[in-house]
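From first to last, the protein sequence lines are chains W and X.
Each residue of the first sequence is one higher than the one before, starting from 12 at the first, in this note's numbering.
Each residue of the second sequence is one higher than the one before, starting from 19 at the first, in this note's numbering.
Ideal Cβ placement from N, Cα and C applies to all residues, glycine included.
Working notes for the structure below.
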Amino acid sequence: MRLKIWAISKRLLLQITFRNQPLNFTTMNLIKFIESFTDDNALRQNASRRQSLGQLGTIGKKSLLAAMPTGLLTLLLVPQKSAAATTLTTTADNNSPTDALRLALLLEYLDSEFYQTGLDTNGLIPAGRDRDSFTKIVNNEYGHINTLVQALGGTGSPNYFEKPEFDYTAGGLFDPFNNYDQFLALSQSFEDTGVRAYKGQSPNLISKPEMLQAALQIHATESRQAAEIRRLRGAKGWIQGNNRDGLPPQAQPVYNGEEMATQAGVNTAQVNNTGGPAIPSIAGTEAFDEPLTREQVLSIAGMFTPVNPLE
Amino acid sequence: MKETFKVKEVGLSNRRSFLKISGLAMAGTALLFTGCSDDDDTGTNNNNQMPGIRNGVFDFGGGDNGILTYAYALEQLEADFYTRVVNGNTFGSTFNTDEQAVLADLYHHEVIHREVLKQAINTAVNNNQQQVLPNLNFDYGALNFGNRSQVLEIAKKLEDTGVAAYNGAGKYLESAANLTLAGKIVSVESRHASVIRSLINPDDAFFAANDVVEPSTGKNIAREPSQVLNEIEDMGYIQTAFTANYLS
Numbered sequence: 012m013r014l015k016i017w018a019i020s021k022r023l024l025l026q027i028t029f030r031n032q033p034l035n036f037t038t039m040n041l042i043k044f045i046e047s048f049t050d051d052n053a054l055r056q057n058a059s060r061r062q063s064l065g066q067l068g069t070i071g072k073k074s075l076l077a078a079m080p081t082g083l084l085t086l087l088l089v090p091q092k093s094a095a096a097t098t099l100t101t102t103a104d105n106n107s108p109t110d111a112l113r114l115a116l117l118l119e120y121l122d123s124e125f126y127q128t129g130l131d132t133n134g135l136i137p138a139g140r141d142r143d144s145f146t147k148i149v150n151n152e153y154g155h156i157n158t159l160v161q162a163l164g165g166t167g168s169p170n171y172f173e174k175p176e177f178d179y180t181a182g183g184l185f186d187p188f189n190n191y192d193q194f195l196a197l198s199q200s201f202e203d204t205g206v207r208a209y210k211g212q213s214p215n216l217i218s219k220p221e222m223l224q225a226a227l228q229i230h231a232t233e234s235r236q237a238a239e240i241r242r243l244r245g246a247k248g249w250i251q252g253n254n255r256d257g258l259p260p261q262a263q264p265v266y267n268g269e270e271m272a273t274q275a276g277v278n279t280a281q282v283n284n285t286g287g288p289a290i291p292s293i294a295g296t297e298a299f300d301e302p303l304t305r306e307q308v309l310s311i312a313g314m315f316t317p318v319n320p321l322e
Numbered sequence: 019m020k021e022t023f024k025v026k027e028v029g030l031s032n033r034r035s036f037l038k039i040s041g042l043a044m045a046g047t048a049l050l051f052t053g054c055s056d057d058d059d060t061g062t063n064n065n066n067q068m069p070g071i072r073n074g075v076f077d078f079g080g081g082d083n084g085i086l087t088y089a090y091a092l093e094q095l096e097a098d099f100y101t102r103v104v105n106g107n108t109f110g111s112t113f114n115t116d117e118q119a120v121l122a123d124l125y126h127h128e129v130i131h132r133e134v135l136k137q138a139i140n141t142a143v144n145n146n147q148q149q150v151l152p153n154l155n156f157d158y159g160a161l162n163f164g165n166r167s168q169v170l171e172i173a174k175k176l177e178d179t180g181v182a183a184y185n186g187a188g189k190y191l192e193s194a195a196n197l198t199l200a201g202k203i204v205s206v207e208s209r210h211a212s213v214i215r216s217l218i219n220p221d222d223a224f225f226a227a228n229d230v231v232e233p234s235t236g237k238n239i240a241r242e243p244s245q246v247l248n249e250i251e252d253m254g255y256i257q258t259a260f261t262a263n264y265l266s
């Protein structure tokens with residue numbers, strides 16, 4: 012086994028060569044990769060699919076990691092910390108309107124290719140409500156891409172970037188184009204991420220009223236889509252607490268923070284309504300969606316984006 | 019006697035809209051009073067106008083406080099509507115189990131939105147109750163709360179209108195905190211709109227049909243406050259007079 016570590020654009024890229032097969036990790040998906048072993052359920056769910064991954068050959072990830080000497084594991088984990096610190100300091104300035112739009116464009120690319128691939132996969136999306144909804148959703152995402160690219164100054168602008176390559180297996184954890192339940196689950200996580208991401212970026216557009224309104228309009232469409240996909244899965248259209256509604260544990264960062272109960276100084280768990288039925292304490296967490304920071308969004312998108320154009 | 023208000027576009031030069039009050043309504047004919055506040059055309063910054071009584075009628079005011087008050091009025095309407103829906107004598111038989119769960123959730127959410135916006139306004143005006151929009155009165159006329167399709171159609175209208183209202187008002191907020199608060203609410207309103215629409219018609223992507231999501235851009239529609247207040251006025255459910263002379 013060989014290990015190479017080098018820096019690309021402020022990030023560390025690690026390559027582990029195992030039985031002549033190179034495995035590339037950015038620091039972010041390396042963290043996800045290692046975290047994935049802390050959940051037995053995820054391992055069980057993905058055990059059979061892992062074996063089919065060309066990238067890993069016939070070697071299960073767990074055994075790969077187990078085979079590493081302790082010193083190597085330490086080496087893998089140490090740069091993760093320094094890289095995270097670097098990320099925090101370098102992204103502190105990424106709060107311009109352009110940065111906000113570019114982050115949104117990355118998410119729209121991620122979503123649109125996912126849905127288009129799903130629609131193009133024979134037998135995956137059932138005819139009727141499901142297929143109608145995803146057809147509408149992918150068309151909306153294309154509209155969002157056009158809107159964002161125009162706002163960024165067009166494809167000739169230095170602010171524009173092309174769609175990167177995505178890995179919707181997240182390094183072999185998921186198999187969404189052969190498993191409709193997983194396709195729906197990832198769809199939900201993408202839409203709920205989009206809702207929270209646009210919300211988090213809206214203050215960065217406050218100086219650009221037209222861009223802000225366009226972003227709010229896209230944000231509202233993402234929210235409609237999120238609710239529809241959640242309902243297709245049999246879940247509520249809104250997020251209760253930080254409940255990920257049966258999604259795999261890797262999706263928990265999409266929901267962390269949604270349990271916020273205090274809004275504008277009001278403890279929403281204690282709201283009553285004279286003349287109406289009692290209001291459950293959990294309802295306040297449903298009634299408000301919470302923003303995600305740029306770093307949180309990049310961390311989630313990074314699971315599916317081996318080389319992130321924004322980093 | 020029913021008290022109504024009317025919205026009327028006046029003063030093309032300053033693009034502001036004025037909500038006009040009719041103190042009397044007789045046989046479907048509304049009397050319109052077209053008065054303006056004293057400083058409308060003096061270049062006074064609308065953003066400094068606080069919510070409160072002017073000429074005997076509560077005005078939303080301008081700036082962030084005006085937008086918050088505008089949102090508070092819309093949330094009062096939604097909360098009142100869903101309170102009546104879940105209180106309906108035949109709620110358990112008019113709607114199936116799924117629909118009851120959805121409508122109960124919407125009732126919870128809208129009451130909480132109303133109370134949170136009320137508190138946000140109270141904080142902004144240092145608890146000066148003269149500057150907090152009072153509880154509005156509502157009347158739904160012939161609406162039958164035991165009629166499933168009637169109730170769902172009104173819910174759709176209210177939710178779609180609410181989303182468009184927040185979308186159009188966000189750009190008038192100067193405070194990032196207020197913008198974020200509005201953003202936290204509007205996405206849930208949009209989830210509501212989507213689900214209500216799918217209860218009416220689960221197929222044909224009705225949750226995001228062309229009347230609410232522009233097919234070429236994928237953008238949910240946005241409405242200026244004056245447009246929204248016109249639509250609300252046309253619905254005729256709010257019985258309490260108010261003006262909105264300083265919004266945007």
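Residues of the same chain with a CB within less than 7 Å of the CB of V75(X), apart from the 5 flanking positions on each side, are I39, A259, F260 and T261 in chain order. Counting C-beta pairs closer than 8 Å gives fewer than three between the segment 111–127 of chain X and the segment 260–276 of chain W, which falls short of the contact rule.
Using a Cβ-Cβ cut-off of 9 Å, F225(X) is close to S144, K147, R235, Q236, A238, E239 and R242 of chain W, given in chain order.
In the displayed model, R244(W) falls within coil according to three-state DSSP, outside both helix and strand. A Cβ of chain X is located within less than 7 Å of the beta carbon of R140(W).
Comparing alpha carbon positions, the residue from L176(X), G79(X) and I214(X) closest to A238(W) is I214(X). Taking the Cα positions, E232(X) is about 21 Å away from A208(W). Assignment of beta-bridge partners to D77(X) by DSSP yields G70(X) and T261(X).
Around the beta carbon of N215(W), a 10 Å sphere encloses 16 or more other beta carbons of the protein chains shown; the residue is thus reported as buried.
In the three-state reduction of the DSSP assignment, F188(W) falls in the coil class, being assigned neither a helical nor a strand state.
Residue environment: P264(W) is assigned as buried (16 or more neighbouring CB atoms within 10 Å of its CB, all protein chains considered). Counting only the Cα atoms, L163(W) lies some 31 Å from G182(W). Non-local C-beta neighbours of V169(X) in its own chain, meaning closer than 7 Å and more than five positions away in sequence, comprise V103 and F163, ordered along the chain. Within chain X, the residues A194, L197 and T198 have their CB atoms less than 8 Å from the CB of P214(W), given in chain order. Between G81(X) and Q149(X), the gap from beta carbon to beta carbon reaches 7 Å or more. Inclusion of D229(X) and R140(W) in the CB contact set at 7 Å is not warranted, their separation being larger than that value. At a C-beta separation below 7 Å, E133(X) has these neighbours in chain W: V277 and V282. At a cut-off of 4 residues, the continuous stretches assigned as alpha helix (DSSP H) that sit fully inside the segment 212–285 of chain W are 220–243 and 263–266. With a threshold of 7 Å between beta carbons, D229(X) makes no contact with chain W. Assigned with DSSP and collapsed to three states, N105(X) falls in helix.
Per DSSP, E232(X) lies in no alpha helix (DSSP H) and is assigned neither H nor E. At the C-beta level, Y190(X) and Q67(X) stay beyond 7 Å of one another. If you draw a 10 Å sphere on the C-beta of G110(X), you find fewer than 16 other C-beta atoms in it, and that means exposed.
Around N140(X), the same chain offers V150 as residues with beta carbons nearer than 7 Å, after the five sequence neighbours per side are excluded. For Q147(X), there is no enclosing alpha helix (DSSP H), as DSSP marks it with neither H nor E. L121(X) has its alpha-carbon roughly 14 Å from the corresponding atom of N165(X). Under the 7 Å criterion on CB atoms, K189(X) is classed as interfacial with respect to chain W. Taking the C-beta atoms as reference points, F177(W) is found no nearer than 7 Å to E119(W).
At least one beta carbon of chain W lies nearer than 7 Å to the beta carbon of T101(X). The segment 247–255 of chain W makes no contact with the segment 213–228 of chain W: fewer than 3 CB pairs, one atom from each, lie closer than 8 Å. Between the alpha carbons of A289(W) and Y90(X) lies a gap of roughly 21 Å. Contact with chain X is absent for K174(W), since none of that chain's Cβ atoms lies less than 7 Å from the residue's Cβ. Between I85(X) and A187(X), the C-beta gap is smaller than 7 Å, which places the two residues in contact. For V129(X), the nearest beta carbon of chain W is closer than 7 Å to its own beta carbon. By DSSP's assignment, N105(W) forms no beta bridge with any residue. Residue-level contact check: S266(X) does not touch chain W, since none of the beta carbons of chain W fall below 7 Å from its beta carbon.
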